[in-house]
Amino acid sequence: MLLTPSDAETLLRRSIVDSFDSILSYSNLEETCNIDKIDEWFEKYSFENVEIEIHKSSNKVTIDNEERKKWLQLGYKEFTDYILKKNRKESLNEKQFTNYDRNGLYKNVKICFYKEGYHDEEFAIVTHHKNNTVINSKLPQLTLGVVIKRDENYYLCIQQSCDSVRIPEGESRNFLFLKLSEEGEFPIVLIDPQEVYKTLKVECKYRNLHIIEYDQTVNGTVQANEEDGGYIFKDINDNSYTWILDLKESHAQRILNKFASEISRVGLDESEWLRRWKG
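If you count by our numbering, then the sequence shown holds residues 1027 to 1305, one letter each, in order.
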């Protein structure tokens, strides 16, 4: 009963993927990467003993492999209290621990756990990119979560998936994008062709909304073409946009929801005293 029969392909694909996900979810897969397995990994890849500073210079402690295991078993807050007591140091109060959590914890994690050549960006990409494994059999399709680039500007597509399909043949459709910035807090990490990591900030403001019109290309969708080893989307004015990555649906939807909440705010004039103190 579908107007566009090819939509059935998407339904079947998602049903199959969801079935695999269910199998893995109910198979106790986490048992293959639990704390015992991590302990085994530590035995194979020994780390050197290191000295770290907790909160201030008077709280210096030495961390060996056994202490690292303890850290992972207890969690960093309980471990911090444990290691200070073990070294006859005074425990941190809540304010001191909060300060350490914000300013010193990450530095100590890098000292204690990072192997040479490891980058935080690598794991971040695994957690929020859909295209972790590049498969050339499917060309990118313009939909929610796609990041494209023109010149030096990056754009995130926030068009809902249902509005990215069923475009009648011979017609075009407007797609919504948020312009991304390379400065500020970032939810998106990527690696560019020069093997340089970049972080992209999403500012969910109406002024950052861009509308780009595309012609339908294949089966009611806008699909990229392969050019010069990359993938290119061309708008109705023949402007080229390079496909960069696909975000996982949940990450893209979170950004879209934040944008929607921003533009749904009610602006009004009122007493400044009331505005500041109404909570």
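Using N, Cα and C, we set each Cβ at its ideal position, and we do this for glycine too.
Please read these numbers as outputs of a predicted model, since none were measured by experiment.
Skipping 5 residues on each side, what residues in its chain have a beta carbon closer than 7 Å to that of Asn1265? Residue mapping note: residue 1265 aligns to position 239 of the sequence shown, counting from 1. So the list reads Arg1176, once near-sequence residues are dropped.
Under a Cβ-count criterion, where at least 16 other Cβ atoms within 10 Å of its own Cβ denotes burial, should Thr1088 be classed as buried or exposed? Position 62 of the sequence shown holds residue 1088. Label assigned to Thr1088: exposed.
Would you grab the beta carbon distance between Cys1138 and Arg1094 for me? Rounded to a whole angstrom, and I think it's under 8 Å. Taking the sequence shown and counting its residues from 1, one reaches residue 1138 at position 112. Taking the sequence shown and counting its residues from 1, one reaches residue 1094 at position 68. So it is a contact: roughly 6 Å between Cβ atoms.
For a minimum of 4 consecutive residues, which ranges assigned as the alpha helix (DSSP H) are wholly contained in the segment 1125-1157? 1131-1139, 1146-1154
In the DSSP assignment, the beta strand (DSSP E) including Val1087 goes from what residue to what residue? Mapped onto the sequence shown, residue 1087 falls at position 61. Here the beta strand (DSSP E) through Val1087 covers 1086-1089.
Going by alpha carbons, who is nearest to Pro1166 out of Tyr1108, Glu1252, His1154? Looking up residue 1166 in the sequence shown gives position 140. Nearest option by C-alpha distance: Glu1252.
CB of Thr1268 within 7 Å of CB of Gly1256, strictly: On the sequence shown, position 242 is the one that residue 1268 refers to. On the sequence shown, position 230 is the one that residue 1256 refers to. Going by C-beta atoms, Thr1268 is nearer than 7 Å to Gly1256.
Please go through the same chain and pick out, in chain order, the residues whose beta-carbon is closer than 7 Å to the beta-carbon of Lys1205, but skip the five residues on each side of it. One-based indexing of the sequence shown puts residue 1205 at position 179. Once the five neighbours on either side are set aside, the close Cβ partners of Lys1205 are Asn1179, Tyr1181, Asn1234, His1236.
Apart from the five residues just before and just after Leu1019, which ones in its own chain have a Cβ nearer than 7 Å to its Cβ? The structure shown does not extend to residue 1019, since the chain is modelled only from 1027 to 1305, so the question has no answer here.
Residue of Glu1195, Phe1073, Val1043 minimising C-alpha distance to Thr1309: With the chain covering 1027 to 1305 only, the question about residue 1309 has no answer from this structure.
Between Asn1263, Leu1202, Glu1148, which lies nearest to Lys1231 when the distance is taken from Cα to Cα? Within the sequence shown, numbered from 1, the residue matching residue 1231 stands at position 205. Ranking Asn1263, Leu1202, Glu1148 by Cα distance to Lys1231 puts Leu1202 first.
In whole angstroms, give me the CA-to-CA distance for Glu1092 and Glu1142. Numbered from 1 along the sequence shown, position 66 holds the residue referred to as residue 1092. Numbered from 1 along the sequence shown, position 116 holds the residue referred to as residue 1142. Cα to Cα, Glu1092 sits roughly 20 Å from Glu1142.
On the criterion of 16 or more Cβ atoms from any shown chain inside 10 Å, does Thr1106 qualify as buried, or is it exposed? Here residue 1106 refers to the residue found at position 80 when the sequence shown is read from its first residue. Thr1106 is buried by the Cβ-count criterion.
Using only alpha-carbon positions, find the residue among Lys1274, Lys1136, Ile1289, Val1215 that is nearest to Lys1156. In the sequence shown, counting from the first residue as 1, residue 1156 sits at position 130. It is Lys1274.
Can you have a look at His1081 and say buried or exposed, based on whether 16 or more other CB atoms are within 10 angstroms of its CB? Numbered from its first residue, the sequence shown carries residue 1081 at position 55. It is buried - the Cβ of His1081 has at least 16 other Cβ atoms within 10 Å.
Residue range of the beta strand (DSSP E) that includes Lys1260: Sequence index remark: in the sequence shown, residue 1260 carries index 234 (1-based). Run containing Lys1260: 1256-1260, per the beta strand (DSSP E) assignment.
Is the beta carbon of Glu1239 sitting closer than 7 Å to the one on Asp1254? Translated into the one-based positions of the sequence shown, residue 1239 becomes position 213. Translated into the one-based positions of the sequence shown, residue 1254 becomes position 228. No, the pair does not count as a contact, with Cβ atoms beyond the cut-off.
I want to check one thing, is the minimum distance from the CB of Asp1261 to the heavy atoms of the ligand GTP below 6 Å? The ligand GTP is not among the ligands present in this structure, which contains no ligands whatsoever.
Chain C within 7 Å of Leu1050, Cβ atoms only: Given the protein chain composition of this structure (a single chain), no chain C is represented.
Limits of the beta strand (DSSP E) - the one that Tyr1052 falls within: The residue you call residue 1052 lines up with position 26 of the sequence shown. No beta strand (DSSP E) holds Tyr1052; DSSP gives it neither H nor E.
When DSSP builds the beta bridges, which residues end up paired with Arg977? With the chain represented from 1027 up to 1305, any question about residue 977 goes unanswered, as that position is not in the structure.
Closer than 7 Å by C-beta to Ser1187: which residues in its own chain qualify, once you throw out the five before and the five after it? Chain order, please. By 1-based counting over the sequence shown, the position of residue 1187 is 161. Taken in chain order, the residues that qualify are Thr1169, Leu1170.
What's the call for Asn1134, buried or exposed, on a 16-neighbour Cβ count within 10 Å? The residue given as residue 1134 occupies position 108 in the sequence shown. Asn1134 comes out buried.
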